[in-house]
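Protein chains in written order, with our numbering: chain A, 1210 to 1542; chain B, 1210 to 1542. For each residue, glycine too, the CB sits at the ideal point set by N, CA and C. Every value quoted in this text rests on a predicted model; they were computed, and no experiment measured them. Take a look at the structure set out below.
Protein chains: 2
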Amino acid sequence: MDMVFLPEEKLNRPGVGNVSILSQSGAFGSAFLDIMGSLGAGNYVSKFVSYGNASDINEADILEYFGEDPETKIILAYLEGFKDGRRFIEVARRVSLKKPIIAIKANRTAAGAKAVASHTASLAANDDVTEALFKEAGIIRAYTWDDLFDCMLAFNGSVLPKGDRTLIITDGGGAGVMASDAIGLLDLELAELSSEVKSKMESDLPSYYSVANPIDLTGSATADQYIYALEQTINDPNIDSIVYIIIPTPPAVDVKALMDGIKPFEKKVKKAITFCAIGGKEADFIREELEKLQFPFYPTPARTVKAIRQLTDYANYLQDHNAPFPKIREVAE
Amino acid sequence: MDMVFLPEEKLNRPGVGNVSILSQSGAFGSAFLDIMGSLGAGNYVSKFVSYGNASDINEADILEYFGEDPETKIILAYLEGFKDGRRFIEVARRVSLKKPIIAIKANRTAAGAKAVASHTASLAANDDVTEALFKEAGIIRAYTWDDLFDCMLAFNGSVLPKGDRTLIITDGGGAGVMASDAIGLLDLELAELSSEVKSKMESDLPSYYSVANPIDLTGSATADQYIYALEQTINDPNIDSIVYIIIPTPPAVDVKALMDGIKPFEKKVKKAITFCAIGGKEADFIREELEKLQFPFYPTPARTVKAIRQLTDYANYLQDHNAPFPKIREVAE
Chain A
1210 MDMVFLPEEK LNRPGVGNVS ILSQSGAFGS AFLDIMGSLG AGNYVSKFVS
1260 YGNASDINEA DILEYFGEDP ETKIILAYLE GFKDGRRFIE VARRVSLKKP
1310 IIAIKANRTA AGAKAVASHT ASLAANDDVT EALFKEAGII RAYTWDDLFD
1360 CMLAFNGSVL PKGDRTLIIT DGGGAGVMAS DAIGLLDLEL AELSSEVKSK
1410 MESDLPSYYS VANPIDLTGS ATADQYIYAL EQTINDPNID SIVYIIIPTP
1460 PAVDVKALMD GIKPFEKKVK KAITFCAIGG KEADFIREEL EKLQFPFYPT
1510 PARTVKAIRQ LTDYANYLQD HNAPFPKIRE VAE
Chain B
1210 MDMVFLPEEK LNRPGVGNVS ILSQSGAFGS AFLDIMGSLG AGNYVSKFVS
1260 YGNASDINEA DILEYFGEDP ETKIILAYLE GFKDGRRFIE VARRVSLKKP
1310 IIAIKANRTA AGAKAVASHT ASLAANDDVT EALFKEAGII RAYTWDDLFD
1360 CMLAFNGSVL PKGDRTLIIT DGGGAGVMAS DAIGLLDLEL AELSSEVKSK
1410 MESDLPSYYS VANPIDLTGS ATADQYIYAL EQTINDPNID SIVYIIIPTP
1460 PAVDVKALMD GIKPFEKKVK KAITFCAIGG KEADFIREEL EKLQFPFYPT
1510 PARTVKAIRQ LTDYANYLQD HNAPFPKIRE VAE
């Protein structure tokens, strides 16, 4: 049922998917839908409610509804204030044990509050209090639009990790360093390959490749070697998450062959995984192909690692509350 | 002279422009070039040096050369360490008074250092010391790939601001709130329109538009009104920078007409200006058109405001050192 008053040529309707959205801003909400309709096969959205200044139903009512809706597997929210903040947090505490809630709470500063006054006129909340309540209730807080979408793609496209041991696979030394720095700054752990996997890869790959973490396939990497590196590591029990970074410019990487090689992994990756490609047209091609498979794709190493951090935080929250991991991405048993 | 060994079909050569690049990572460097070749008309790059572990010339030599090169107006660097850090900082102190130097210094954490060991084997520097030295020498530090490109686009496409009074123009209340929050968080100032401009706009625009800061043209905004808002504010002496945010989904904004209306401003904006459009296909169209005009474009409000912060920091540095603003974007006198 489509009650959005914007014409099709202005707003690309997304296909049906896992994500339901509550937004206190109509324009922001419509931009969400428009972007989601443009991603990959576009199958992202389940329900969408733009509720403005909440004269009849409020944010807590909508969250409760989405929490009980079996078609909603991920909840996104854009909030400027609360009509019933106490109930919102209570509902969130229950719902977040079943499905991820990713929320922007804007109106954080005096400048933001001034802008809100002429928009929804919501009251500002103390931002430190919001931060603490969100954390306690298991709400994943996004601070920017990039954050919100990056998180949404991660939760929609990746399995949750069982721990924080993260492996980087790349063909670019610099990209590996940037990703490693992000792992250090975000307090994740560089995974150590198990000794069998390490020895096998060292004997199979050219000796000037670096079989460590990052696994650096260097500027000589081929599509087959990229696929091989994934194949060898996806069942290594020492690894919880994989950050897969492709710089497509080196001459030997055939991106078409690489993407054909990734397809059979669509339902095989039982760890957390996020992807990155950096560059122009070939990176765009990689993004499009990965979006079709609904794998989480990012344009920079830092965002690719940050997505793993967000998945890991939520996984830790569920484990701390003895809650099972929700099944969002389908994986073969 | 093109000595890059990567084939044209793998690496899109950028056209000639203002930016020279030194990179300690070949793959990262090639990805830079590839992206720059894909932006707008692609006219971005002047010189490119990938110098790896710097066996003959080092980072300070290259910086000095770029500093004296009249065709280089902006310098980008990717560094993992220093062969001659003292001289690099000395050179930077002189060069930064003439042209912006935007640098990533990776290898910031123990995890990063581990990755560097198998890449350029550069020694890690204490990151707080790097931070302080960069600031003192007027180097604009980028922390991520997004940061680096966002900065490059800002310095290439915008005039420097004379102060920190920033105006937001938008058609989306939520986007205005997010941008205002970013202004608050980044310690910029919300500009106050001068009283003549404010009264004129209030009498010319529908009464339910908000002529404040943000100027909120609401979901009823037309292309003409968007252009009008720019026209009225670009000469207001109370404004140093403009953040121009378009959500193209509302029905009355004809994005083609809006972009046609922006073209005559190509050489007219004497303040700092950054642009944002949020959404799918129409936002992509806006990005492409603005890139052709070499105006700085960003996909999110936070990044659009952050770019103004970076421009303002550098402008403040130059003013503190009694150095004139370099002319990078051409503006009619």
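| Check | Outcome |
| --- | --- |
| If you run the structure through DSSP and keep just helix, strand and coil, what is R1374/B? | strand |
| Roughly how many angstroms separate the alpha carbons of A1315/A and D1380/B, rounded to a whole number? | 17 Å |
| Taking a contact to mean a Cβ-Cβ separation below 8 Å, would you say T1431/A touches L1215/B in this structure? | no |
| According to DSSP, is T1458/B part of a helix, a strand, or is it coil? | coil |
| Please determine, among A1312/B, T1375/B, I1378/B, the residue with the shortest C-alpha to C-alpha distance to L1357/B. | A1312/B |
| Does the beta-carbon distance from T1318/B to D1390/A come in below 8 Å? | yes |
| Assuming A1432/B is part of the alpha helix (DSSP H), what are its boundary residues? | 1432–1442 |
| Any contact of the region 1285–1298 of chain B with the region 1264–1272 of chain B, i.e. 3+ C-beta pairs under 8 Å? | yes |
| In angstroms with no decimal places, state the Cα-to-Cα distance between L1426/A and L1394/A. | 24 Å |
| Straight-line CA distance for P1535/B to Y1526/A? | 51 Å |
| Using only the alpha-carbon positions, how far apart do N1252/B and P1223/B sit? | 6 Å |
| What does the Cβ neighbour count give for K1279/A, buried or exposed, with the cut at 16 atoms within 10 Å? | At residue 1279/A the sequence reads Pro, which differs from the Lys that was named. Exposed, by the Cβ-count rule. |
| Per DSSP, what kind of secondary structure is Y1453/B in: helix, strand or coil? | strand |
| Would a C-beta distance cut-off of 8 Å place Y1507/B and D1373/B closer than the cut-off? | no |
| Assuming S1247/A is part of the alpha helix (DSSP H), what are its boundary residues? | 1235–1247 |
| So, with DSSP's three-state summary, where would you put A1400/A? | coil |
| Comparing C-alpha positions only, which one of E1475/B, A1492/B, Q1528/B, I1517/B sits nearest to E1542/B? | E1475/B |
| Strictly by DSSP, which residues pair up with V1540/A? | Paired residue(s): none; V1540/A is not in a bridge. |
| For E1369/A, which residues in the same chain have their Cβ closer than 7 Å to its Cβ, ignoring the five residues on either side in sequence? | Reading off the sequence, residue 1369/A comes out as Leu, not Glu. Counting only Cβ-Cβ distances below 7 Å, and skipping sequence neighbours, we find A1481, L1520, Y1523, A1524, F1534. |
| Could you pull out every residue in the same chain whose Cβ sits closer than 7 Å to the Cβ of F1494/A, ignoring the five residues on either side in sequence? | V1464 |
| May I ask you to list, following chain order, the residues of the region 1354–1387 of chain A that have a beta carbon less than 7 Å from some beta carbon of chain B? | W1354, D1355, D1380, G1381, G1382, G1383, A1384, G1385, V1386, M1387 |
| Would A1301/B be called buried (16 or more neighbouring beta carbons within 10 Å of its own) or exposed? | buried |
| Would you kindly check if the distance between the Cβ of V1228/B and the Cβ of L1285/B is under 8 Å? | yes |
| For K1314/B, report the span of its beta strand (DSSP E) as first-last. | 1310–1314 |
| Measuring CB to CB, does S1331/B end up less than 8 Å from E1289/B? | yes |
| Measuring CB to CB, does A1400/B end up less than 8 Å from I1448/B? | yes |
| Closer than 7 Å, Cβ to any Cβ of chain A: which residues of the region 1392–1415 of chain B, in chain order? | I1392, G1393, L1394, L1399 |
| Between the beta-carbon of K1292/A and the beta-carbon of A1263/A, is there less than 8 Å? | yes |
| Cβ of D1211/B less than 8 Å from any chain A Cβ? | no |
| May I ask which residues mark the beginning and end of the alpha helix (DSSP H) holding T1483/A? | No alpha helix (DSSP H) contains T1483/A, which is instead part of the beta strand (DSSP E) from 1481–1486. |
| Check F1291/B in the structure and name its three-state DSSP category. | coil |
| G1261/A by DSSP, collapsed to three states: which one? | coil |
| Please state if the CB of A1438/A and the CB of I1378/A are separated by a distance shorter than 8 Å. | yes |
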